[in-house]
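Numbering (this note's numbering), first residue to last: -12 to 211. Beta carbons: idealized from backbone N, C-alpha and C, even for Gly. Note that the structure is predicted; figures quoted are calculated from it, not measured. Each remark here refers to the structure printed beneath this line.
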């Protein structure tokens, strides 16, 4: 993670990041607005997406106790137009369908930087929890989520430790995407939750779920 938010390096052959004067004004204003932000479990970067000419400013939220990045949230700046949302985790593109918390704005660089900082600050304070499902003493599924809107950030499902027949039943019920990636939203109420970051007072947690501060082993592959 960077030591400062939204550091802007000089363009080089690898990044090919040429900054216009309005874009530089936006970045400088954004850095000013975020200069005092703490960096634990999050970081901010300036770049360009692989497709398009927009300037990209984004933050990455992670679990401070693991090397896992949970979500990239950012804005695309094109002239005096700004769009922000959850980003593709590799291409950094915006979704085809905006989320309920997407940002759309128009204005001067300094005003767009202020709007971006406020929007990102809100995202940083959203409650993130880790839900865990247990079977015979083993964690067989887990899910990081924004707990205010029950929005999946990253999830894991390990058929080896799951109840017999559950994966097949979930697949038949339509809770599997692509090549059999089980969607943990189709599971029953999680057994445990661990608060990862953000304001837990804003969370809408499932009824009856138990809180924990201890982490056990969770084996498997994480995916969106």
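Bridge partner(s) assigned by DSSP for residue i
| i | result |
| --- | --- |
| residue 133 | 115, 138 |
| residue 160 | None, per the DSSP bridge assignment. |
| residue 49 | 56 |
| residue 120 | 128 |
First and last residue of the uninterrupted beta strand (DSSP E) at residue i
| i | result |
| --- | --- |
| residue 41 | Element bounds for residue 41: n/a, residue is neither H nor E. |
| residue 63 | 56 to 65 |
| residue 93 | 90 to 93 |
| residue 18 | Residue 18 -> not in any beta strand (DSSP E); alpha helix (DSSP H) instead, spanning 8 to 21. |
| residue 205 | From DSSP, residue 205 is part of no beta strand (DSSP E); its letter is neither H nor E. |
| residue 196 | Residue 196 -> no beta strand (DSSP E), and no H or E assigned at all. |
| residue 180 | 179 to 184 |
Beta carbon of residue i nearer than 9 Å to that of residue j
| i | j | result |
| --- | --- | --- |
| residue 268 | residue 162 | This structure cannot speak to residue 268, because the chain is shown only from -12 to 211. |
| residue 96 | residue 44 | no |
| residue 8 | residue 33 | no |
| residue 60 | residue 72 | yes |
| residue 48 | residue 116 | no |
| residue 168 | residue 210 | yes |
| residue 204 | residue 128 | no |
Collapsed DSSP secondary structure at residue i in the structure displayed
| i | result |
| --- | --- |
| residue 172 | helix |
| residue 34 | strand |
| residue -1 | Low per-residue confidence applies at residue -1: pLDDT is 49, beneath 50, and the placement is therefore not dependable enough to give any value. |
| residue 149 | coil |
| residue 68 | strand |
| residue 191 | coil |
| residue 84 | coil |
| residue 101 | helix |
| residue 108 | helix |
Buried/exposed call for residue i, threshold 16 Cβ in 10 Å
| i | result |
| --- | --- |
| residue 123 | exposed |
| residue 65 | exposed |
| residue 134 | buried |
| residue 177 | buried |
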